[in-house]
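Student: A single structure is presented below for examination.
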Amino acid sequence: MYAFPRIELPQKAIEKAKSLGQAPDFFYAMRLLEETGICIVPGSGFGQREGTYHFRTTILPQPELMKDMLERFERFQTNFLKENS
27 MYAFPRIELP QKAIEKAKSL GQAPDFFYAM RLLEETGICI VPGSGFGQRE
77 GTYHFRTTIL PQPELMKDML ERFERFQTNF LKENS
């Protein structure tokens with residue numbers, strides 16, 4: 027299953043990304059991969075509208091692994107927002 031959700035990134039995260047010479051959605055995707063092992067593709071590679079942020083993912087975990095993956099994703103998102111807000 028493919029998904030292309032829009033994400034709201036805090037200004038602090040956008041500024042951190044730019045200071046590293048990275049697109050904000052790339053910064054988010056790399057942090058997610060490094061911290062959770064979950065791989066997503068930054069939306070900037072798919073022609074997203076300027077000033078919006080998305081990512082693309084293919085969700086293929088076995089049903090018994092889905093809950094763990096979603097919990098790791100949720101934990102990352104919560105911590106990312108705390109750190110960058």
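This note's numbering applies: residue 27 is where the sequence shown begins, and numbers increase by one.
All C-beta atoms in this analysis are idealised placements derived from N, C-alpha and C, irrespective of residue type, glycine included.
From the DSSP output, in three-state form, read off ILE64 for me.
Tutor: Coil, per DSSP.
Student: What is the DSSP secondary structure of ILE85, reduced to helix, strand or coil?
Tutor: Of the three classes helix, strand and coil, the one that applies to ILE85 here is coil, per DSSP.
Student: Give the DSSP-derived three-state secondary structure of ARG75 in the structure shown.
Tutor: DSSP places ARG75 in coil when its eight states are reduced to three.
Student: Quick check: MET95 and PRO87, are their CB atoms within less than 7 Å of each other?
Tutor: Yes, the pair counts as a contact, with Cβ atoms nearer than the cut-off.
Student: Using only alpha-carbon positions, find the residue among GLU61, PHE30, ALA39 that is nearest to SER111.
Tutor: ALA39
Student: In three-state DSSP terms, what is TYR39?
Tutor: Here residue 39 is Ala; the residue named in the question, Tyr, does not match the sequence. ALA39: helix per DSSP, three-state reduction.
Student: Consult DSSP for ALA29 and reduce its assignment to one of helix, strand or coil.
Tutor: strand
Student: Give every residue of the same chain whose Cβ lies closer than 6 Å to the Cβ of SER129, excluding the five residues on either side of it in the sequence, and list them in chain order.
Tutor: No statement about residue 129 is possible, as the shown extent of the chain runs from 27 to 111 and does not include it.
Student: Going by beta carbon distance, what residues of the same chain come within less than 7 Å of ILE85, once the five residues before and after it are set aside?
Tutor: MET27, ALA29
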